[in-house]
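Engineer: Provided herewith is a single structure, encoded as structure tokens, for subsequent inquiry.
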Amino acid sequence: MFENIGADIYKTWNDDQRRAEIGKLVEGHRAGLPLKILFQMASAIAGSPDSARDHLAVLIPADERHKMVTREKGADQALAASFLM
């Protein structure tokens, strides 16, 4: 149930609307939103993990993405790398 929150609405959005909303999540992460929630919500908004990766690559500079990955450990680091590298 929770993984589909907003899915119907997000499907009606264009790429600019999706990028703006994912941008808000990125700002939320910078303010303390857990990385896993960023990835889950970005994937839901973008429509797929691949599309989420594309949006995140545009919204987050490469050096910041690298720092985000290196801060994580184990499985969390692998998840971060799969979205950010």
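The sequence shown begins at 1 in the numbering used here and counts up by one. All residues carry an ideal CB built from backbone N, CA and C; glycine is no exception.
#1: Does chain B have any CB closer than 7 Å to the CB of Leu25?
#2: Consult DSSP for Thr70 and reduce its assignment to one of helix, strand or coil.
#3: Excluding the five sequence neighbours on either side, which residues of its own chain have a C-beta within less than 6 Å of the C-beta of Arg53, listed in chain order?
#4: Going by beta carbon distance, what residues of the same chain come within less than 6 Å of Arg19, once the five residues before and after it are set aside?
#5: Look up Ile60 in the DSSP assignment and say whether it is helix, strand or coil.
#6: Between Asp15 and Gly74, what straight-line distance do the alpha-carbon atoms span, to the nearest angstrom?
#7: Grouping DSSP H, G and I as helix and E and B as strand, with all else coil, what is Ser125?
Structural biologist: So, to answer that:
#1: Of the chains in the structure shown, none is chain B; there is only one protein chain.
#2: Reduced to three states, the DSSP call for Thr70 is helix.
#3: Phe83.
#4: His55
#5: coil
#6: 32 Å
#7: Absent from the structure is residue 125, since the part of the chain shown begins at 1 and ends at 85.
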